[in-house]
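Okay, so here's the structure we're looking at.
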Amino acid sequence: LTAVEELDLSSWSAGVYILKIESRGGTAVRRITVK
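Here this note's numbering is used: position 34 in the sequence shown is 34, and no number is missing along the way.
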């Protein structure tokens, strides 16, 4: 899953985010750190 790479993180505050991504293949959890 590369959905995270398509997000615009420039407007996000610094911190750690947990994203739950649902797709046809199932559910994936991604952890992103925004600096």
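Yeah, the Cβ is synthetic: ideal placement off N, Cα and C, and Gly gets one too.
Please state whether the Cβ-Cβ distance between Lys-20 and Val-29 is less than 7 Å. Sequence index remark: in the sequence shown, residue 20 carries index 20 (1-based). Sequence index remark: in the sequence shown, residue 29 carries index 29 (1-based). Cβ atoms of Lys-20 and Val-29: closer than 7 Å.
Rounded C-alpha distance that separates Thr-15 from Glu-6: Working through the sequence shown from its first residue, we reach residue 15 at position 15. Working through the sequence shown from its first residue, we reach residue 6 at position 6. The residue asked about is misnamed: residue 15 is Gly in this sequence, not Thr. If I take the Cα positions, the gap works out to 18 Å.
What did DSSP end up calling Leu-9 once you bin it into helix, strand or coil? By 1-based counting over the sequence shown, the position of residue 9 is 9. If DSSP states are grouped into helix, strand and coil, Leu-9 belongs with the helices.
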